[in-house]
Ligand code: SF4
């Protein structure tokens, strides 16, 4: 595992995501190393290959200092705008316990009196460390990605991330503390989770944490992601891999959407963006 401290040139970046105006990524790379991660392309900025994803983290040690300067450019103290931590890294991966860059950036936003929404998205219960700061932020929105209820599935696909059971516990705690939360159910994992019974368990477990808001995302199998995924899953039964290819069919997704909508109603959840998040279809059927 390679760790390097670097100085970034900027930190508050305009976003193309549907629910965020700006993103802050205090790290390049992510130790959690999820098999399906779309951010693996980030390696090109630091001379790494997609295959190296999970094996390096570049730490932007000047992130809080940069944010202090860049936040001043927003009009009206950012009223009506949203900032997401993070889009291409996990802001609470292990190194955050040491470097506290996400924490310092959040503190910066509090000190500045940022009036927009601060959203975080993580797979780690380390997010609980910063509850004191979230309470000081006027509009905070704390998201946990949860893709399975079975820890062996999360361990298989999200190698170094805290297991699903820890994330569910953390989400329950955040809800008990009265914080505004959401769960990101994505990607819907073909064969392992994207089936009626397994999804029912997953949605039920998420609802039982007291969480209301969810995003749901179909798996993104762009060519660079698929290449890495095939390598990471090289020992798996070929029939299982086939279900991953099928997941790119329109008909497969439509059936899955029906299950998702049924479960949204059953567990009285709020599906943000009003539909599952799509990526391009590879197949026509
Ligand atoms: S936690 Fe997020 S950024 Fe990190 S490897 Fe997994 S999907 Fe990628």
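In this note's numbering, the protein residues as written are 62 to 346.
Where is the CB? At the ideal position from N, CA and C, for every residue including glycine.
Check: Per DSSP, residue 286 forms a beta bridge with which residues?; Outcome: According to DSSP, residue 286 bridges with nothing at all.
Check: Give every residue of the same chain whose Cβ lies closer than 6 Å to the Cβ of residue 276, excluding the five residues on either side of it in the sequence, and list them in chain order.; Outcome: 245 and 333
Check: Taking only heavy atoms of ligand 1 into account, decide whether any of them is closer than 8 Å to the Cβ of residue 100.; Outcome: yes
Check: State yes or no: is the C-beta of residue 222 nearer than 8 Å to some heavy atom of ligand 1?; Outcome: yes
Check: Assuming residue 150 contacts residue 90 under a Cβ cut-off of 8 Å, what Cβ separation, rounded to an integer in Å, is found between them?; Outcome: 7 Å
Check: Return yes when the C-beta of residue 110 is under 8 Å from any heavy atom of ligand 1, and no when it is not.; Outcome: no
Check: Measure from the alpha carbon of residue 146 to the alpha carbon of each residue in 76, 316 and 322, then state which is nearest.; Outcome: 76
Check: How is residue 317 classed by DSSP in three states: helix, strand or coil?; Outcome: helix
Check: How is residue 96 classed by DSSP in three states: helix, strand or coil?; Outcome: coil
Check: Using 10 angstroms around the beta-carbon of residue 164, count the other beta-carbons present and answer buried if the total reaches 16, otherwise exposed.; Outcome: buried
Check: Quick check on DSSP: helix, strand or coil for residue 80?; Outcome: coil
Check: For residue 281 and residue 306, what's the separation of their Cα atoms in angstroms?; Outcome: 11 Å
Check: Going by the C-beta, is residue 149 closer than 8 Å to any heavy atom of ligand 1?; Outcome: yes
Check: DSSP three-state label for residue 327, please.; Outcome: helix
Check: Can you tell me which residues form a DSSP beta bridge with residue 120?; Outcome: 66 and 88
Check: For residue 332, name the three-state secondary structure that DSSP assigns.; Outcome: strand
Check: What separation, rounded to the nearest whole angstrom, lies between the Cα atoms of residue 65 and residue 293?; Outcome: 25 Å
Check: Can you give me the Cβ contacts of residue 194 inside the same chain, cut-off strictly under 8 Å, excluding the 5 residues immediately before and after it?; Outcome: 164, 167, 168 and 171
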